[in-house]
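Letter by letter, the sequence shown follows residues 4 to 155 of our numbering.
To start, the structure under review is shown below, and the notes come after it.
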Amino acid sequence: MLHAAPAFLAKTSYSALLASATQELSPAKIRQSIADLVGQNRLADADVLSHEAMQRFPQSEDILVIRALVTQVRQDWPAASAALEKLITLQGHAAQAVTWGQWVRVLRCMGDDARAMTVAAQGLATHPKDEQLQQEFNALQHVGVRPALKVA
């Protein structure tokens, strides 16, 4: 297992540590530390640290990605949806199809099939040949879901 910042992982006050170590720890190093926590099955710590990191680095793709993954593993669907929506908004047309697909799945886990349909359609507008997005869109269409009016 990688140990990106052992001193970072040893601390219990993540908020205080992030406040004092901002210059020392890049979002990429924090992301790796969170991944290390997940690898150690310390999901609650990973969740707290990713939440605190979001407060410190709200526009960091590294932090948004790891926050989305941690919250998905913890099945915290609203937090996962918020992180993925923010990531896609930040990345704009550069957002990857897999990110759109994750957001569709999270919305479906929340039971928000209409919004999932809208998001799938938006993802397909940028990635028209992506099989996963097409499958999600077709599955939703097959059960009669209509898109929500809210746009991502």
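Positions of the beta carbon are idealized from the N, C-alpha and C atoms, including for glycine.
Under the assumption that residue i contacts residue j (Cβ atoms under 8 Å), give the Cβ distance between them as a whole number of angstroms.
i	j	result
Ala-49	Ile-33	At roughly 11 Å, the Cβ-Cβ gap does not stay under 8 Å, so Ala-49 and Ile-33 are not in contact.
Asp-119	Leu-90	Looking at the sequence provided, one finds Ala at residue 119 rather than Asp. Rounded, the Cβ-Cβ distance is 17 Å, inconsistent with contact.
Terminal residues of the continuous alpha helix (DSSP H) containing residue i?
i	result
Asn-141	134–145
Leu-28	Note, Leu-28: premise wrong, no alpha helix (DSSP H); not H, not E.
Arg-70	64–76
Pro-81	80–94
Output the distance between the C-alpha atoms of residue i and residue j, rounded to the nearest integer angstrom.
i	j	result
Ala-86	Val-51	14 Å
Ala-117	Pro-61	28 Å
Thr-92	Gln-43	31 Å
Val-68	Ile-37	11 Å
Val-76	Asp-39	14 Å
Leu-28	Arg-149	45 Å
Gly-104	Ala-151	17 Å
Glu-88	Ala-97	13 Å
Val-146	Phe-140	10 Å
Val-41	Gln-137	31 Å
Specify the secondary structure class of residue i as computed by DSSP and reduced to three states.
i	result
Gln-43	coil
Gly-114	coil
His-54	helix
Ala-98	coil
Met-4	Because the pLDDT of Met-4 is 34, which lies under 50, any placement of that residue in the model is unreliable, and the number read from its coordinates should be weighed accordingly. Coil at Met-4, not helix or strand.
Sufficient close CB pairs (3 or more, under 8 Å) joining the segment 125–132 to the segment 108–115: no
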